[in-house]
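Written below as structure tokens is the structure these notes are about.
Residue numbers (the numbering used here), protein chains in the order written: chain A, 1 to 84; chain B, 85 to 168.
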């Protein structure tokens, strides 16, 4: 594996898991007032399209990474809609 | 341009601009209490690595998209550190 691929995979990995601390924070506090519903909604659509793209080009890392990211963002959106 | 490329570019575009509503909200309210510093820090590192990856594989859309995303996330981090 060359350096570019390693950096690309690290980028994909970190981007995918990045919202884990936000999910933990939302889960613990149930406070989402300062979060932008618009931002997380656009992000969710973006991650879903990455997922579809991953299926179309049959790239397992793209599929898995974006399923994780999409699930995390959806959780945040659900609590945001519920709690405001 | 085939369908997969169009979906991939749409995914990249939406992911890149997704934090614009969050930046606007932070700029207006200066409230960042519910935002996770950890989440946005991991995201910033991820986007920076995407940017480096874009340079290495010489992919202009990857470079531009992630410069935009990284800048937006850095703004949120700065206000978060300043205001708590």
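Quick reminder that beta carbons are idealized off the backbone N, C-alpha and C, glycines included. Since this is a predicted model, take the numbers as computed values, not measurements.
Using a threshold of 8 Å, state whether the C-beta atoms of residue i and residue j are closer than that.
i: residue 42/A; j: residue 120/B; result: no
i: residue 73/A; j: residue 40/A; result: yes
i: residue 152/B; j: residue 138/B; result: no
i: residue 110/B; j: residue 160/B; result: yes
i: residue 60/A; j: residue 88/B; result: no
What residues of chain A sit near residue i, judged by a beta carbon separation below 7 Å?
i: residue 102/B; result: 39, 42, 43, 46
Quick one: list the residues of chain B neighbouring residue i, beta-carbon separation under 8 Å, in chain order.
i: residue 67/A; result: Within chain B, no residue comes near residue 67/A; the closest Cβ sits about 13 Å away, beyond 8 Å.
i: residue 7/A; result: 133, 136, 137, 140
Could you check how far apart the C-beta atoms of residue i and residue j are, in whole angstroms? I think they sit under 8 Å.
i: residue 15/A; j: residue 131/B; result: 7 Å
Counting only Cβ pairs nearer than 7 Å, list the residues of chain D close to residue i.
i: residue 88/B; result: Here the protein chains are A and B, and chain D is not one of them.
When the Cα of residue i is compared with those of the options, which residue comes out closest?
i: residue 166/B; options: 143/B, 153/B, 114/B, 129/B; result: 114/B
i: residue 95/B; options: 164/B, 162/B, 150/B; result: 150/B
i: residue 20/A; options: 117/B, 122/B, 133/B; result: 122/B
i: residue 168/B; options: 91/B, 118/B, 108/B, 128/B; result: 118/B
What are the boundary residues of the alpha helix (DSSP H) that includes residue i?
i: residue 87/B; result: 87-101
i: residue 84/A; result: Here residue 84/A belongs to no alpha helix (DSSP H), and DSSP marks it neither H nor E.
i: residue 58/A; result: Run containing residue 58/A: none; DSSP gives neither H nor E here.
Which chain A residues are close to residue i, counting only those with a beta carbon under 9 Å from its beta carbon?
i: residue 105/B; result: 36, 37, 38, 39, 40, 41, 42
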